[in-house]
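This note's numbering runs 201 ahead of the 1-based position in the sequence shown.
Shown next, in structure tokens, is the structure this report addresses.
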Amino acid sequence: MTHEPKDNMMAKNIKPMSRRRALLGGGAALTGAAALASPAIAQGAPQTIRMATSWPEGLGGLADSAARVAEAINTGSNGRLNVEIYWAGSLVPPLGVHDAASNGEIEMYHSAEYYFQGKHRGFNFFTTVPLGLTSVEQAAWLKFGGGQALWDELNAGYGVKGLAVGGTGVQMGGWFNKPITSKEDFEGLTMRMPGLGAQVISRMGANAVVLPGGGIVEALFEGTIDATEWVGPYNDLQFGFQKLLSTYIYPGFHEPGTMASVGMNLDFWNSLSDVDRALIETVTEAELTNHTADYYGNNGLALVQLLAESGVQPTRLPDDVWNELARVSFEVTASVAEDDDMGRRIVESYDSYRALVGSAGPISQAEYLARRGAEDLFAEV
């Protein structure tokens with residue numbers, strides 16, 4: 202890690218994070234985070250925490266969340282802890298952060314658990330699953346429906362501790378190089394999509410490709426994918442998808458409440474004092490609100506900008522296509538229960554909670570949003 206003069210480090214630290222800065226090169230870390238601990242260094246060297254992310258530096262929402270978590274831990278610990286951020290690929294591969302935390306190569310990551318479904322498909326449920334819980338419902342299941350205990354049990358087998366740090370809301374259906382008017386339009390389509398959603402579109406005849414965020418635009422330019430999804434308008438506008446693909450579909454079936462996560466090497470987590478574990482839990486609790494609010498607000502603002510400035514005209518997914526995607530989605534998510542006992546217990550807990558909270562949703566939230574005029578924005582396009 203390259204060391205810089207302390208004055209330069211402090212100057213970097215106090216500047217707001219720019220969403221347009223170039224990607225961090227090589228193995229460099231966010232040294233500004235370390236500077237936050239400097240007033241207390243005289244009391245003893247801080248404990249360094251290497252945080253690797255799955256996101257490129259400057260990505261609004263997700264990268265901002267990682268930076269807030271690091272800063273809050275450093276400040277709240279009064280210099281005992283020093284989180285250094287390594288952006289996607291600068292220390293470990295973007296989708297390899299769970300492995301790195303598991304083997305002790307890093308102490309912490311900021312990512313999304315469904316990237317790790319190759320280890321166990323149950324990890325999907327701690328990010329999102331097709332036709333699943335919304336962001337608020339997901340947080341409720343984790344905290345009050347037994348979800349966190351199941352997550353801890355699953356992760357313990359890999360030597361990792363995970364905590365939720367915020368959802369992105371109901372995602373858009375994605376960007377396509379052609380209209381989607383029937384289920385047959387998925388046949389032969391190569392689309393970037395992770396998680397169980399990828400298994401759904403594969404059953405529909407598509408070729409699903411998992412790519413980290415930093416590789417999507419290049420894949421579109423090279424023509425190796427025909428379509429992509431990535432969160433929603435907030436990040437879509439940043440990536441410039443509206444300049445590359447013409448068809449913008451809504452709503453998304455695949456990710457109704459995508460939850461980002463902070464994961465830690467379990468031995469590291471257990472070695473912390475009760476005070477420092479409580480601090481990290483408090484920081485992630487706060488970020489659960491900040492991250493979710495960031496996406497709910499900025500997705501709306503970005504969609505207005507896409508409509509006004511880029512001429513984007515979102516296309517509603519036809520009911521018969523939605524119904525087929527929903528049918529396959531329930532089959533795919535249910536199949537996780539057949540993998541092993543861990544998968545069965547996760548699915549049973551998740552489905553029970555979805556049924557519980559879903560009984561009130563149509564009566565209150567859905568009707569309220571419809572009558573408030575949630576679709577008026579599209580009616581004027």
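C-beta: ideal position from N, C-alpha, C; glycine also.
Rounded to whole angstroms, the separation of the alpha carbons of D386 and P380 is 8 angstroms. Here P331 really is in contact with V533; their C-beta atoms are around 7 angstroms apart, less than 8 angstroms.
F326 is classed as buried because its beta carbon has at least 16 other beta carbons within 10 Å across all chains shown. Rounded to the nearest whole angstrom, the C-alpha separation of A503 and P452 is 16 angstroms. Runs of the beta strand (DSSP E) lying entirely within the stretch 376–411, each at least 3 residues long, are 391–393 and 408–410 in chain order. In the DSSP annotation of this structure, the continuous segment of the beta strand (DSSP E) that includes I250 starts and ends at Q248 to T254. Exposure of Q514 is indicated by the presence of fewer than 16 other C-beta atoms within 10 angstroms of its C-beta. Taking all protein chains shown into account, Y315 has 16 or more neighbouring C-beta atoms within 10 Å of its C-beta and is therefore buried. Here the stretch 432–448 makes no contact with the stretch 291–306; the two share fewer than three CB pairs at distances below 8 angstroms. Exposure of I564 is indicated by the presence of fewer than 16 other C-beta atoms within 10 angstroms of its C-beta.
Cβ contact annotation for D477 (same chain, cutoff 7 angstroms, sequence separation greater than five): S278, R281 and L282, in chain order. In the three-state reduction of the DSSP assignment, V476 falls in the helix class, which pools H, G and I. Residue range L282 to Y287 is occupied by the beta strand (DSSP E) that includes E285, with no alpha helix (DSSP H) assigned at that position. Contact between E549 and A538 holds: CB atoms are separated by about 7 angstroms, below the 8 angstroms threshold. In this structure, DSSP gives K320 a state outside helix and strand, which the three-state scheme calls coil. T254 is a Cβ neighbour of H311, given a cutoff of 9 angstroms.
With 16 or more other CB atoms across the displayed protein chains lying within 10 angstroms of its CB, R393 is buried.
DSSP lists V463 as the beta-bridge partner residues of L364.
In the DSSP secondary-structure assignment, T516 is bridged to I450. Of the residues G363, D520, N378 and A527, the one whose Cα lies closest to the Cα of W470 is G363.
One thing to note: G323 has its Cβ no nearer than 9 angstroms to the Cβ of L343. Residue environment: E423 is assigned as exposed (fewer than 16 neighbouring CB atoms within 10 Å of its CB, all protein chains considered). By the Cβ neighbour-count rule, A268 is buried, with 16 or more other Cβ atoms within 10 Å of its own. Taking the C-beta atoms as reference points, G398 is found nearer than 9 angstroms to E430. Non-local C-beta neighbours of Q248 in its own chain, meaning closer than 6 angstroms and more than five positions away in sequence, comprise L282, ordered along the chain. In terms of CA proximity to G358, K320 leads the group F454, K320, H492 and S530. Per DSSP, Y569 is one residue of the alpha helix (DSSP H) stretching across E568 to R573. Residue range M309 to S312 is occupied by the beta strand (DSSP E) that includes H311. By the 16-neighbour rule on beta-carbons within 10 angstroms, Y569 is exposed. E285 and G346 have their alpha carbons spaced roughly 33 angstroms apart. In this structure, the beta-carbon distance from G333 to G458 falls below 9 angstroms. In the three-state scheme derived from DSSP, where H, G and I count as helix and E and B as strand, A301 is classed as helix. In the structure shown, the three-state DSSP call for T429 is strand.
In the three-state reduction of the DSSP assignment, V371 falls in the coil class. Residue G370 holds the alpha-carbon nearest to the alpha-carbon of V432 among G370, N491 and W288. Spanning the alpha carbons of Y551 and N275 requires a straight line of approximately 34 angstroms.
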